[in-house]
Amino acid sequence: MINTLTRATTLGAVMAMTTAGWAMADFSEMDPTTLRLAHVVNEQDAFHIAATRFQELVAERTEGAVTIEIYPNAELGDERTLLEGMQIGTVDMGVITNGPVANFLEEIAVFELPFLFASAEEAYSILDGEIGKELLDRLSEVNLKGLAYAERGFRNLTNSQRPVREPGDIDGMRIRVMENPVYVDTFRELGANAEPMAWTEALTAMQQGTIDGQENPVGVIHSFNLDETQTYMTLSRHTYSPAIFVMGQGVWDGMPEAAQDVLVEAAREASAHVRQVNMEMEEGQLEELRERGMEIVDDADLAAFQAAVQPIYERYGDAYGEYLGRILSALE
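In numbering that gives the first Met the number 0, the protein residues as written are 0 to 331.
In structure tokens:
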């Protein structure tokens, strides 16, 4: 059982210690700095909500010494391109879905295993604890700096062909997935033709009918009006997908320590904020999608889906070293 009170107390203590560092700092002597923060979704999406909250907190706590400029809608590239830009210094930072990050640090994909987390609270307990921090810190191995885990959320299947209640209903469908082997193999186990592609490409493919479906949290399905091309949604909640406030290691190293403290604290607070926003908005978003004509399946045989993807654990368990075992033990 997850001790929510203990977790909240621990996080509060960590945030308080971080606050002590920047609260006494004099930012008036710091050279003004502008950081470009990019993401690939629109201004209605939770990523943008997290980014704008982060922007506000950083401006306030550095007394205007650090300005965050936000570039939404993949203006600076898809998520892989953004991460590569951070590595070489052409992009400063971003809010990035965990799946593409795993192409740079394989072990962080452990969070993407299907049906690993039964609830958001379970996911938070791992992400905000020792295991999550270790993996954030390990991003330095690939010249990236992880600040905090924001949220993409529980992913659900949509399609334009038919209601999906059991794995056999997906057979033969062309489903867009993130460019990550765990997602590709998960949907292949379910019988789909998994099509890995960037999100901007997926939107065009759905409009042109070259793919049948995709999988994403309710917030994404709603903010991108996917009901216009996707008739059916199954509340499969097959994967909890974190997001990460991440920046280039070189940019991080060039910031004064007090500013670094502000960036970490602001990222944590913005992440907590967007988690709460997601929770509060989901039911209303589902109702709006129903009103707009989307058929939402909420009685799928999730046990059958879970059984069908068990080979994924056998295939990837060793690749994630000790992390999978530690997560499962912590969730017991």
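The C-beta atom is built at its ideal place from N, Cα and C for all residues, glycine as well.
Remember, predicted model here, so these are calculated numbers, not experimental data.
Compute the Euclidean distance between the alpha carbons of residue i and residue j, then round it to the nearest angstrom.
i, j, result
"Glu133", "Arg314", "23 Å"
"Thr9", "Gly145", "Any reading at Thr9 must be qualified, since the residue scores a pLDDT of 39, below 50, and its modelled position is unreliable; the value itself is stated next. Taking the straight line from one Cα to the other gives about 19 Å."
"Glu294", "Val308", "25 Å"
"Asp260", "Tyr312", "37 Å"
"Ala266", "Phe53", "6 Å"
"Leu285", "Gln275", "17 Å"
"Glu331", "Gly152", "22 Å"
"Gly316", "Ala24", "45 Å"
"Phe186", "Gly171", "10 Å"
"Leu138", "Glu290", "43 Å"
"Pro195", "Glu42", "24 Å"
"Glu227", "Ala64", "43 Å"
"Leu156", "Gly167", "14 Å"
"Ala242", "Asp30", "30 Å"
"Glu165", "Tyr319", "29 Å"
"Asp77", "Thr96", "11 Å"
"Glu59", "Val183", "42 Å"
"Arg6", "Ser124", "Residue confidence is low: Arg6 scores 38 on pLDDT, short of 50, so the model does not pin down where it sits. No coordinate-derived value is stated."
"Pro216", "Glu28", "43 Å"
"Met16", "Met232", "Note that Met16 scores a pLDDT of 46, beneath 50, so its modelled location is shaky; the value from the coordinates is reported in the next line. If I take the Cα positions, the gap works out to 44 Å."
"Ala258", "Ser270", "18 Å"
"Asn158", "Ala50", "29 Å"
"Glu74", "Pro99", "17 Å"
Name the DSSP beta bridge partners of residue i, please?
i, result
"Ile95", "Ile243"
"Arg154", "Thr238"
"Glu83", "None; Glu83 has no bridge partner."
"Glu294", "Tyr231"
"Leu143", "Gly247"
Applying the criterion that 16 or more other CB atoms from any shown protein chain within 10 Å of the CB defines a buried residue, is residue i buried or exposed?
i, result
"Met177", "buried"
"Ser118", "exposed"
"Gly253", "exposed"
"Thr203", "exposed"
"Leu327", "exposed"
"Ala12", "In this prediction, Ala12 has a pLDDT of 44, which is less than 50 and means its spatial position is unreliable; what the coordinates show is noted afterwards. The residue is exposed, with fewer than 16 neighbouring Cβ atoms inside 10 Å."
"Gln248", "buried"
"His61", "Inspection of the sequence shows that residue 61 is occupied by Thr rather than by His. Buried, by the Cβ-count rule."
"Asn224", "exposed"
"Pro180", "buried"
"Asn2", "Any reading at Asn2 is ruled out, since the residue's pLDDT is 40, under 50, leaving its predicted position unreliable."
Please indicate yes or no: does the CB of residue i lie closer than 7 Å to some heavy atom of the ligand HEM?
i, result
"Pro99", "Because no ligand of any kind appears in the structure shown, any question about the ligand HEM cannot be addressed here."
With a threshold of 8 Å between beta-carbons, can residue i be considered close to chain D, or not?
i, result
"Met246", "No chain D appears in this structure, which consists of one protein chain only."
**OP:** Report yes or no: do three or more beta-carbon pairs, one from the region 275 to 293 and one from the region 83 to 95, lie closer than 8 Å?
**Re:** no
Subject >> Length-filtered (4 minimum) alpha helix (DSSP H) runs lying within the region 171 to 258 >> reply: 180 to 188, 198 to 207, 217 to 222 and 248 to 252
Original post:
Which parts of the region 28 to 85 are runs of the beta strand (DSSP E), unbroken and 3 residues or longer, counting only runs that do not cross its ends?
Top reply: 32 to 37 and 65 to 70
Original post:
Is the region 99 to 118 touching the region 198 to 213 in the sense that three or more CB pairs, one from each, lie closer than 8 Å?
Top reply: Segments in contact, no.
Subject >> Whole beta strand (DSSP E) elements within the region 300 to 328, 3-residue minimum >> reply: Within the region 300 to 328, no complete beta strand (DSSP E) run reaches 3 residues.
Original post:
Okay, do the region 288 to 306 and the region 88 to 100 touch, 3+ Cβ pairs below 8 Å being the bar?
Top reply: no
Subject >> Inter-stretch contact at 8 Å, needing at least 3 Cβ pairs: the region 66 to 75 / the region 35 to 42 >> reply: yes
Original post:
Can you list, in chain order, the stretches of the beta strand (DSSP E) that have 3 or more residues and sit fully within the region 252 to 291?
Top reply: For the region 252 to 291, there is no continuous beta strand (DSSP E) assignment of 3+ residues that stays within its boundaries.
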